[in-house]
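Q: First the structure, then my questions, so here it is.
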Amino acid sequence: MWGTIVRGAGRASRWSLGHQSRGMTQGDGTAAATPVPLAVLKYFFVENMAEKRVPHRSAHLQLARDAARRGSLLLGGAAANPVDAGFLIFRSPQEAREFAEQDPYVRGELVRKYEIREWSVVVGSLYDQLSSD
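Count the sequence shown with full-length UniProt numbering and you get residues 1 to 133, in order.
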């Protein structure tokens, strides 16, 4: 199941459902990896975010560290050069949404809008660890 939540100034949340296949086969007929469902929270920052975030950064990072300690936030960080977006990987869309609603960057209006996408992970160095949880 794929979904998107988009929030921005004056926009209500939108959740659209699509299709996700499980138990797929590869071209050679062998079974494909079972997807591990995660959620990607993408922030679209205001201009000059690198400077504007300074008064909010400590509280934002504390919220992120707390979410990581609970096991809901797996990775997070900002795009570099320019600092115009942020990406955070969560275990579920609900955890991503709750984080965004509490985030000092969102509350401080440093995020123009955000998007939450379900992400089906099937390969990578962390896949084995995630798929065994």
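Positions of the beta carbon are idealized from the N, C-alpha and C atoms, including for glycine.
May I have the straight-line CA-CA distance separating Val123 from Pro37, to the nearest angstrom?
A: Counting from one through the sequence shown, the residue named residue 123 turns up at place 123. Counting from one through the sequence shown, the residue named residue 37 turns up at place 37. Going from the Cα of Val123 to the Cα of Pro37 covers about 12 Å.
Q: I'd like the span of the alpha helix (DSSP H) that includes Ser58, first residue to last.
A: For this step, residue 58 is matched to residue 58 along the sequence shown. Per DSSP, Ser58 belongs to the alpha helix (DSSP H) from Val54 to Arg70.
Q: Hey, quick one: how far does the alpha helix (DSSP H) through Ala96 stretch, first residue to last?
A: The sequence position of residue 96 within the sequence shown is 96, counting from 1. Run containing Ala96: Pro93 to Gln102, per the alpha helix (DSSP H) assignment.
Q: In its own chain, which residues sit with a C-beta less than 6 Å from the C-beta of Gly76, not counting the 5 before and 5 after it?
A: Within the sequence shown, the letter at position 76 stands for residue 76. Same-chain partners within the cutoff: Ala64 and Leu88.
Q: Would you tell me roughly how many angstroms separate the C-alpha atoms of Arg107 and Ser58, rounded to the nearest one?
A: Reading the sequence shown from its first residue, position 107 is the one you call residue 107. Reading the sequence shown from its first residue, position 58 is the one you call residue 58. Straight-line Cα distance between these residues: approximately 14 Å.
Q: Please report the distance separating the alpha-carbon of Glu132 from that of Ser92.
A: Taking the sequence shown and counting its residues from 1, one reaches residue 132 at position 132. Taking the sequence shown and counting its residues from 1, one reaches residue 92 at position 92. One point to set straight first is that residue 132 is Ser, not Glu, in the sequence displayed. Those two C-alpha atoms are separated by around 16 Å.
Q: From Arg112, Glu118, Ala85 and Glu109, pick the residue whose C-alpha is nearest to that of Ala96; which is it?
A: Position 96 of the sequence shown, counted from the start, is the residue given in the question as residue 96. Comparing Cα positions, the closest option is Glu118.
Q: Report all residues from its chain with a CB closer than 7 Å to the CB of Val111; omit the five preceding and five following residues, and keep chain order.
A: Locating residue 111 in the sequence shown gives position 111, counting from the first residue. Here the set comprises Tyr43, Phe44, Phe45 and Tyr105.
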